[in-house]
Amino acid sequence: MRPSLRLGNVAGIPVGIHWSALLVIALIMAVLGTGVLPAAVPGLSQGLYWGVAAVVACAFFASLLAHELAHALVARRLGVRVGSITLWLMGGITELDGEARTPRAEAEISAAGPLTSLAFAAVAGLVLLVPHSPLLISSAVAWFALVNAVLGLFNLLPGAPLDGGRVLHAFLWWRYRDRSRADRTAAQAGQSLGMFLVAAGVLQAVVWSPVGGLWMVLIGWFMTGAARAEAFARSARSGLTGLRMRDVMTSVPDLAPSWLKVDAFVATVALRSRQSVFPVVDFSGAPVGAVSLETISALTPEQRAETNVAQLARKLPSDHVVAPDDPAARILDLSVEPAVLVVENGHVTGLVTPADFTRILMQASLRSPPRDDAP
Ligand SMILES: [Zn+2]
């Protein structure tokens with residue numbers, strides 16, 4: 015998930031927000047400003063309802079961020095590097111570079127988030143005990159407490175990608191002393207839970223609330239897919255253990271010289287090659303980007319005669335240029351679009367395209383050994 019807007023760093027961790035999170039803020043404000051608050055305390059001004067709704071929506075987002083920060087800070091304390099935090103439609107994502115080394119560490123990292131949400135709910139619950147507080151404020155605080163309690167409890171459901179799914183995985187890993195077996199059982203639990211939510215959502219949509227039911231179907235559907243994807247990623251990661259980029263890349267790929275006209279490149283290289291993406295190199299052989307057949311085929315023959323390959327080259331982010339001895343598992347953390355270049359001594363020696371990526375994942379899942387790596 016790439017954030018649409020970077021909010022800055024919190025405790026040295028980059029925090030971003032995806033545009034879909036704004037939908038959630040708008041939805042929360044609408045629900046509070048036109049439904050919950052006017053129903054609880056009728057007869058006040060619209061401006062007051064909306065103002066309180068905006069404050070509560072911001073407080074909710076801060077609590078969501080605290081949930082993710084709890085995961086991130088515990089992970090960092092336990093030696094797992096933290097990439098970034100992104101808030102989006104379904105809550106937050108904390109990207110970790112690597113995995114917990116022990117079942118206990120995995121359990122602590124995973125449980126930290128929901129426990130933080132439940133702590134927010136508990137503190138808000140205590141605020142409600144203050145006597146003589148205005149009804150509008152206590153309604154808003156009660157809603158905040160309820161939503162954080164639901165968030166904490168829902169995330170403890172035992173299905174990946176929910177935190178509870180990871181707690182379950184940690185428990186199974188500790189119990190079986192076999193990480194691969196824990197991967198499979200936790201993934202099955204996640205898929206079953208997702209399917210159960212889909213079924214419950216359909217039932218709810220039919221007999222009670224269509225909107226609420228469809229929302230639950232959506233979440234269940236998302237969870238089923240995510241559980242499958244996570245199981246696949248885990249088996250791929252274990253199948254790539256010990257391999258280097260040079261073991262999985264396409265070696266000595268056909269190159270696209272930046273100074274050639276596109277039609278000359280098509281005639282001399284592209285039509286004879288088995289690649290659909292080409293590293294673009296300058297006179298010295300250094301990589302300057304990548305170009306795909308798709309980009310080239312969008313040009314008219316006249317444009318192909320006039321355009322240099324350099325003008326079509328897509329610049330690659332710095333993490334898309336890797337060394338032959340880098341761990342192969344690094345590509346799991348990248349979006350391979352349009353390509354990852356393997357460079358040695360300033361020259362392109364290998365290439366990983368999206369098509370290669372699919373092959374590498376399939377091979378890795380075939381290679382993935384059942385193993386016992388619990389401490
Ligand atoms: Zn969480």
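Residue numbers (the working numbering): 15 to 389.
For each residue, glycine too, the CB sits at the ideal point set by N, CA and C.
### Separation of A86 from T264, as counted between CA atoms
35 Å
### Query
Between R258 and S152, what straight-line distance do the alpha-carbon atoms span, to the nearest angstrom?
58 Å
#### Entry: Within the stretch 15-77, ranges of the beta strand (DSSP E) (whole runs, at least 3 residues)
19-24, 27-31
### Task
Would you identify the three-state DSSP class for R258, choosing helix, strand or coil?
strand
### Task
Kindly list the residues whose CB is nearer than 7 Å to the CB of G47, restricted to its own chain and excluding five residues on each side of it in sequence; keep chain order.
So the list reads Y63, W64, A67, once near-sequence residues are dropped.
### Query
How would you write the range of the alpha helix (DSSP H) that D197 sits in, first residue to last?
193-221
### Three-state secondary structure assigned by DSSP to D296
coil
### Message
Considering just the uninterrupted stretch of the alpha helix (DSSP H) at S124, what are its terminal residues?
### Response
According to the DSSP assignment, S124 belongs to the alpha helix (DSSP H) that extends over 117-141.
### Task
Using three-state DSSP, classify H361 as helix, strand or coil.
strand
### Query
Given a threshold of 16 other Cβ atoms within 10 Å of its Cβ, counted over all protein chains shown, does T314 qualify as buried or as exposed?
exposed
### Message
Could you pull the DSSP bridge partners for W102 from this structure?
### Response
Bridge pairing for W102: G105 [DSSP].
### Message
Between which two residues does the alpha helix (DSSP H) holding G178 run?
### Response
177-190
### Message
Just checking S124 against ligand 1 - is the residue's beta carbon closer than 8 Å to any of the ligand's heavy atoms?
### Response
Yes, Cβ of S124 sits closer than 8 Å to a heavy atom of ligand 1.
### Query
Per DSSP, which one or two residues make a beta bridge with P301?
V295
### Query
Are there 16 or more other CB atoms within 10 angstroms of the CB of H81, so buried, or fewer, so exposed?
buried
### Task
Below 7 Å CB to CB, which residues in the same chain sit around Q218 once its five sequence neighbours on both sides are set aside?
G226, G227, M230
### Query
When the Cα of T309 is compared with those of L326, L207, E320, G112, which residue comes out closest?
L326
### Task
With a 10 Å radius around its C-beta and 16 neighbouring C-beta atoms as the bar for buried, classify H146 as buried or exposed.
exposed
### Query
So, V295 versus P271, is the Cβ gap smaller than 9 Å?
The Cβ atoms of V295 and P271 lie closer than 9 Å to each other.
### Query
What did DSSP end up calling D387 once you bin it into helix, strand or coil?
Bear in mind that a pLDDT of 43 at D387, under 50, signals an unreliable position, so the model cannot answer this.
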